[in-house]
Amino acid sequence: MIKAIPLYIATGLEDTNGKKIIKEIFIILHDGKPVIMGSGRYANVALASNSSNPSSATEFYAIKFLKYDDQSLMFSQIAIRRFYEEINKTRTFGIDKFDHFVQYVGFSNIFTAPPYGNILREETQDEKEVLEFVSREQYDESAKRNNESVANNLPKEFLDKLQGDFFVMKAEHGTLDDLIIYQHPWRDHKLYIVSDKLGEALTEFRSRKEVFIRKLFNDLNNKAQLEERVEIGEITDFSGINILRLIGKLSNPLKYRIIIDLFTQILASVRNIHETTSEDGVLAHRDIKPGNFLISLQPPEINYFNIKISDLGFVSGVKSIIDGSDTMARSSKEPGALALGTIPFRAPEQIDNGYEIHFTISDENSDSDGNRTTLTFLNIGDKVLEPGDWLESQEVFFGSKENARQITKIEDIRIEDNLFIVTINAKIIPIVPKLYYHAYIVKQTSQHSDIFSLGSILYFLSSGGKNPEKFYTKCLEPSLSQENEDIKKIHGSCMSLAIALCLDETNVVEEEMEANKYTKYSTDFDVELMRFKKQSLFELKEKTVFGYIIHRTQTSRLGANELLHGYLKSMKINPVIRYYLTDSNGKPIPFSILFEIIKCMTRNKIHSYVSTENGNSEGANTQESATSKDCPTTIRTKSFSELDLKNLVGSIYKNLVSIKESETKSCNYNIQPYSELGEPADKILMSLRMCLPLKSKTIQDASTI
Numbered sequence: 001m002i003k004a005i006p007l008y009i010a011t012g013l014e015d016t017n018g019k020k021i022i023k024e025i026f027i028i029l030h031d032g033k034p035v036i037m038g039s040g041r042y043a044n045v046a047l048a049s050n051s052s053n054p055s056s057a058t059e060f061y062a063i064k065f066l067k068y069d070d071q072s073l074m075f076s077q078i079a080i081r082r083f084y085e086e087i088n089k090t091r092t093f094g095i096d097k098f099d100h101f102v103q104y105v106g107f108s109n110i111f112t113a114p115p116y117g118n119i120l121r122e123e124t125q126d127e128k129e130v131l132e133f134v135s136r137e138q139y140d141e142s143a144k145r146n147n148e149s150v151a152n153n154l155p156k157e158f159l160d161k162l163q164g165d166f167f168v169m170k171a172e173h174g175t176l177d178d179l180i181i182y183q184h185p186w187r188d189h190k191l192y193i194v195s196d197k198l199g200e201a202l203t204e205f206r207s208r209k210e211v212f213i214r215k216l217f218n219d220l221n222n223k224a225q226l227e228e229r230v231e232i233g234e235i236t237d238f239s240g241i242n243i244l245r246l247i248g249k250l251s252n253p254l255k256y257r258i259i260i261d262l263f264t265q266i267l268a269s270v271r272n273i274h275e276t277t278s279e280d281g282v283l284a285h286r287d288i289k290p291g292n293f294l295i296s297l298q299p300p301e302i303n304y305f306n307i308k309i310s311d312l313g314f315v316s317g318v319k320s321i322i323d324g325s326d327t328m329a330r331s332s333k334e335p336g337a338l339a340l341g342t343i344p345f346r347a348p349e350q351i352d353n354g355y356e357i358h359f360t361i362s363d364e365n366s367d368s369d370g371n372r373t374t375l376t377f378l379n380i381g382d383k384v385l386e387p388g389d390w391l392e393s394q395e396v397f398f399g400s401k402e403n404a405r406q407i408t409k410i411e412d413i414r415i416e417d418n419l420f421i422v423t424i425n426a427k428i429i430p431i432v433p434k435l436y437y438h439a440y441i442v443k444q445t446s447q448h449s450d451i452f453s454l455g456s457i458l459y460f461l462s463s464g465g466k467n468p469e470k471f472y473t474k475c476l477e478p479s480l481s482q483e484n485e486d487i488k489k490i491h492g493s494c495m496s497l498a499i500a501l502c503l504d505e506t507n508v509v510e511e512e513m514e515a516n517k518y519t520k521y522s523t524d525f526d527v528e529l530m531r532f533k534k535q536s537l538f539e540l541k542e543k544t545v546f547g548y549i550i551h552r553t554q555t556s557r558l559g560a561n562e563l564l565h566g567y568l569k570s571m572k573i574n575p576v577i578r579y580y581l582t583d584s585n586g587k588p589i590p591f592s593i594l595f596e597i598i599k600c601m602t603r604n605k606i607h608s609y610v611s612t613e614n615g616n617s618e619g620a621n622t623q624e625s626a627t628s629k630d631c632p633t634t635i636r637t638k639s640f641s642e643l644d645l646k647n648l649v650g651s652i653y654k655n656l657v658s659i660k661e662s663e664t665k666s667c668n669y670n671i672q673p674y675s676e677l678g679e680p681a682d683k684i685l686m687s688l689r690m691c692l693p694l695k696s697k698t699i700q701d702a703s704t705i
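Structure representation (structure tokens):
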């Protein structure tokens, strides 16, 4: 049984008389319980509509209720801050830019009695300012009073988990998780269940698309000439990843055309955040994953869809990121910390955010003004330490007594006798003098984290759902103990890229190089790489792109070339490396797409999109400090004021469009009835995902697949 009860929200808008507009919406109950669209540790998302009769509603909403955590008071308090940040960011973006962002509707409160009571509302000054802003701009006491009676109509087990605050967004028709990961049928989505109109639209959509899908797979089967025909209709449900795998068996070019078309829409959404300027400077999302991209359909036809980005609770400007004022938790060791990023799409600085070290104070006045301090770090091990990292300690103050802080930035690093000597631009005041002090190293998370996560999503799609973090650690960035110093001397710029390429068979490389020979690239090395076949620059037994890279090191000193060659041959037969560099059909991921993934995920390499260097040759990783001058598209994450983020994401976009034209040219848009419908490739995946799984009996009756 489906019914709906009213809720009242403040929209932040005023009528012509200057009175605040209160909007009535209806939270939908199914068998007496809210229809939950999503649930996490800090919030529940429930379905609502603009009608007391959901089956006749014309608009649907997603209500995000703030939860409390019965295991951690601190987590609940941190969640309040993040929740209000998300409200403000969603309101900022979701009013004027709702083509690319989830659309904001309003905010209010519902009476609850969490076990912590008013303890949760003893905010810091920053939190009070956030609450005051929301109250001043949006909140209206009458909306809260109107909601008091609602509590009697909601299940106690639902209310008992809430802190009371909620905000409302326009509901979309699913997420990228729904499209590519989950195996539930699209027709079982909550929106379609409660709405007769949407259900009718979906039924009509499926009836029109079934013929198209059968013809498509029948044509692909005929072209593929496989011993066994691929059948996609089973009793079990298919995820988008599984559908892509089956398409890849029949037509790899079509599969990658679908992937690239879909991914360029993801890029467009992120670009809208990166090119937006706030009082804190340009913005970063910092939690990019498939589940945070919404799919917006246009019923009743459902022929068109676009991708919107959501979950803006971690969005921050670069100024507040730099000074640390807008970070949920400066240490992953902090109880109840809301960690940035989501497994398996986290950047390295999100995985290692907050590792412990100990230090001694070497020199409290290392400059004439007494504003610089030199420290000696005692237990770095194989951790990566870079200028710009944050040093946090509860055992000292940084700065003067009048302006003391417990977090500061690392300005310079040098290594002496295997010890890290670190300089900070601040005086240091021990709370209690000790022989050594305990601290955390905290990595900045900003646009460079977003670029890494974008590479992770592209890898996830291309590999057929394999773990991007594992790919990174196994193939791209071995731990320091695994790297050979002689190899690093000659190939420090992109050693692991070469490892990735060593699996390409000769004919695969030659075909890809031929397809890309007219492509314009940003560096001389890229141009030479694309022309290597034509110029016959190498005569090695291993005829791969890798062989060409090895050839370029023939004159290297210390005999490192022979060492490198042996090392790479051993990597070629490594089953772990082979697994992560092939897709779910066992085919190598095309070099051109893999190259874009690697450029997004690696740092401080000649081909990287991102450099975390300060732009000089001093300090750590000196052999890789020339990144930006060698690759104009590279950005420096420590020089935020100089970032041209629009051009950065734009360059990734242009490269992928170029790849799409070369990698998928054999597709030719001649697959019938693909060209008849004139649909971009990403719409094929949407059509497949929304119409399938077709039951095997249906397909057998049609006898077309």
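So for the sequence shown, the working numbering puts the first residue at 1; every next one is plus one. From the three backbone atoms N, C-alpha and C, an ideal C-beta is built for every residue, glycine too.
(request) Can you say whether residue 593 is buried or exposed, counting buried as having 16 or more other CB atoms within 10 angstroms of its CB? (result) Residue numbering aside, residue 593 sits at position 593 when the sequence shown is read from its first letter. With 16 or more Cβ atoms within 10 Å of its Cβ, residue 593 is classed as buried.
(request) Using the Cα positions of residue 417 and residue 472, report the straight-line distance between them to the nearest angstrom. (result) On the sequence shown, position 417 is the one that residue 417 refers to. On the sequence shown, position 472 is the one that residue 472 refers to. About 31 Å.
(message) Are the CB atoms of residue 278 and residue 317 within a distance shorter than 8 Å?
(response) By one-based count along the sequence shown, residue 317 stands at place 317. By one-based count along the sequence shown, residue 278 stands at place 278. Taking 8 Å as the cut-off, the beta carbon of residue 317 is found closer than this to the beta carbon of residue 278.
(request) Take every Cβ of the segment 51 to 64, pair it with every Cβ of the segment 156 to 176, and state whether three or more of those distances are shorter than 8 Å. (result) yes
(request) Decide if residue 99 is buried, meaning its Cβ has at least 16 other Cβ atoms within 10 Å, or exposed. (result) Taking the sequence shown and counting its residues from 1, one reaches residue 99 at position 99. So residue 99 ends up on the exposed side.
(request) Indicate the three-state DSSP secondary structure (helix, strand or coil) for residue 6 in the structure shown. (result) Position 6 of the sequence shown, counted from the first residue, corresponds to residue 6. Residue state, collapsed to three classes: strand.
(request) Taking residue 199 as the reference, give the member of 218, 55, 296 with the closest Cα. (result) Working through the sequence shown from its first residue, we reach residue 199 at position 199. Considering only alpha carbons, the answer is 55.
(request) Would you kindly work out how many angstroms separate the C-alpha atoms of residue 162 and residue 92, rounded to a whole number? (result) In the sequence shown, counting from the first residue as 1, residue 162 sits at position 162. In the sequence shown, counting from the first residue as 1, residue 92 sits at position 92. Approximately 25 Å between the Cα atoms of the pair.
(request) Quick one: residues in its chain with C-beta nearer than 6 Å to the C-beta of residue 276, no 5 flanking neighbours on either side, listed in chain order? (result) Here the question's residue 276 lines up with position 276 in the sequence shown. Hits under 6 Å: 283.
(request) Classify residue 145 as buried or exposed, calling it buried when 16 or more other Cβ atoms lie within 10 Å of its own Cβ. (result) One-based indexing of the sequence shown puts residue 145 at position 145. Per the 10 Å Cβ criterion, exposed.
(message) Could you tell me the alpha carbon to alpha carbon distance between residue 22 and residue 15, rounded to whole angstroms?
(response) For the purposes of this step, residue 22 is taken as the residue at position 22 of the sequence shown. For the purposes of this step, residue 15 is taken as the residue at position 15 of the sequence shown. When rounded, the distance between both Cα atoms is 10 Å.
(message) Is the beta carbon of residue 48 closer than 8 Å to that of residue 66?
(response) To locate residue 66, count along the sequence shown from 1; it is residue 66. To locate residue 48, count along the sequence shown from 1; it is residue 48. No, Cβ-Cβ distance for residue 66 and residue 48 is not below 8 Å.
(request) May I have the straight-line CA-CA distance separating residue 2 from residue 27, to the nearest angstrom? (result) Your numbering for residue 2 matches position 2 in the sequence shown. Your numbering for residue 27 matches position 27 in the sequence shown. Taking the straight line joining both Cα atoms gives about 11 Å.
(message) Under DSSP, the alpha helix (DSSP H) around residue 274 begins and ends at which residues?
(response) Position 274 of the sequence shown, counted from the first residue, corresponds to residue 274. Run containing residue 274: 252 to 274, per the alpha helix (DSSP H) assignment.
(request) State the beta-bridge partners of residue 37 as determined by DSSP. (result) As a position in the sequence shown, residue 37 is number 37, starting the count at 1. Answer is none; residue 37 lacks a bridge partner.
(message) Helix, strand or coil, according to DSSP, for residue 601 in the structure here?
(response) Counting from one through the sequence shown, the residue named residue 601 turns up at place 601. Residue state, collapsed to three classes: helix.
(message) My output table needs one value for residue 713: the three-state DSSP class, helix, strand or coil.
(response) The chain is shown from 1 up to 705; residue 713 falls before or after that span and cannot be answered.
(message) For residue 580 and residue 466, which I take to be in contact (beta-carbon distance under 8 Å), what is that distance rounded to the nearest angstrom?
(response) Locating residue 580 in the sequence shown gives position 580, counting from the first residue. Locating residue 466 in the sequence shown gives position 466, counting from the first residue. Taking 8 Å as the upper bound for CB-CB distance, residue 580 and residue 466 are in contact here, some 6 Å apart.
(message) Using a 10 Å radius around the Cβ and a threshold of 16 neighbouring Cβ atoms, would you call residue 152 buried or exposed?
(response) Counting from one through the sequence shown, the residue named residue 152 turns up at place 152. Looking at its Cβ environment, which holds fewer than 16 other Cβ atoms inside 10 Å, residue 152 is exposed.
(request) Return the chain-ordered list of same chain residues with a C-beta closer than 8 Å to the C-beta of residue 367, the five sequence neighbours on each side being excluded. (result) To locate residue 367, count along the sequence shown from 1; it is residue 367. Low per-residue confidence applies at residue 367: pLDDT is 48, beneath 50, and the placement is therefore not dependable enough to give any value.
(message) Across the segment 251 to 260 and the segment 443 to 457, are there enough close Cβ pairs to call them in contact, namely three or more that are closer than 8 Å?
(response) no
(request) Please state whether DSSP places residue 173 in a helix, a strand or coil. (result) Walking along the sequence shown from the start, residue 173 turns up at place 173. Looking at residue 173 - three-state DSSP - the assignment turns out to be coil, as it is neither helix nor strand.
(request) Using alpha carbons as the reference points, say which of 312, 216, 155, 37 lies closest to residue 81. (result) Within the sequence shown, numbered from 1, the residue matching residue 81 stands at position 81. The option with the nearest alpha carbon to residue 81 is 312.
(request) Assign residue 174 to buried or exposed, taking buried as 16 or more other Cβ atoms, counted over all protein chains shown, within 10 Å of its Cβ. (result) Here residue 174 refers to the residue found at position 174 when the sequence shown is read from its first residue. The residue in question, residue 174, is buried, as its Cβ has 16 or more Cβ neighbours within 10 Å.
(message) Can you tell me whether residue 285 is buried or exposed? The criterion is at least 16 other CB atoms within 10 Å of its CB, across all chains shown.
(response) Along the sequence shown, read from residue 1 onward, the residue named residue 285 stands at position 285. The Cβ neighbour count for residue 285, taken over all protein chains shown within 10 Å, is at least 16; the residue is labelled buried.
(request) Consult DSSP for residue 411 and reduce its assignment to one of helix, strand or coil. (result) Taking the first residue of the sequence shown as position 1, residue 411 is located at position 411. Reduced to three states, the DSSP call for residue 411 is strand.
(message) Under DSSP, the beta strand (DSSP E) around residue 29 begins and ends at which residues?
(response) The residue you call residue 29 lines up with position 29 of the sequence shown. Per DSSP, residue 29 belongs to the beta strand (DSSP E) from 20 to 30.
(message) Buried or exposed, going by whether 16 or more other CB atoms sit within 10 Å of the CB of residue 608?
(response) On the sequence shown, position 608 is the one that residue 608 refers to. It counts as buried.
(message) Using a Cβ-Cβ cutoff of less than 6 Å, which residues in the same chain neighbour residue 314 once the five nearest sequence positions on both sides are dropped?
(response) Residue mapping note: residue 314 aligns to position 314 of the sequence shown, counting from 1. Only 286, 287, 340 meet the Cβ criterion.
(request) Please report how far the alpha carbon of residue 412 lies from the alpha carbon of residue 422, in whole angstroms. (result) In the sequence shown, the residue the question calls residue 412 occupies position 412. In the sequence shown, the residue the question calls residue 422 occupies position 422. Straight-line Cα distance between these residues: approximately 6 Å.
(message) Can you tell me where the beta strand (DSSP E) holding residue 106 begins and where it ends?
(response) By one-based count along the sequence shown, residue 106 stands at place 106. Segment 104 to 109, the beta strand (DSSP E) holding residue 106.
(message) Here's the rule: buried if 16 or more other CB atoms are within 10 angstroms of the residue's CB, otherwise exposed. What is residue 381?
(response) On the sequence shown, residue 381 is found 381 positions in, with the first residue counted as 1. By the neighbour-count rule (16 or more Cβ atoms within 10 Å), residue 381 is not buried but exposed.
(request) Compute the Euclidean distance between the alpha carbons of residue 11 and residue 190, then round it to the nearest angstrom. (result) Here residue 11 corresponds to residue number 11 of the sequence shown, with the count starting at 1. Here residue 190 corresponds to residue number 190 of the sequence shown, with the count starting at 1. Cα-Cα distance, rounded: 25 Å.
(request) Kindly indicate which residue of 270, 456, 437, 6 has the alpha-carbon position closest to the one of residue 102. (result) Looking up residue 102 in the sequence shown gives position 102. The candidate whose alpha carbon is nearest that of residue 102 is 270.
(request) Would you please state the rounded distance, in angstroms, between the beta carbons of residue 29 and residue 57? I believe it to be under 8 Å. (result) Position 29 of the sequence shown, counting from 1, holds the residue named residue 29. Position 57 of the sequence shown, counting from 1, holds the residue named residue 57. Actually they do not touch by this definition, with Cβ atoms about 14 Å apart.
(message) Suppose contacts are defined by Cβ-Cβ distances below 8 Å. Is residue 357 in contact with residue 398 by that definition?
(response) Stepping through the sequence shown from its first residue, residue 357 is reached at position 357. Stepping through the sequence shown from its first residue, residue 398 is reached at position 398. It is not a contact, given that the beta carbons lie outside the stated cut-off.
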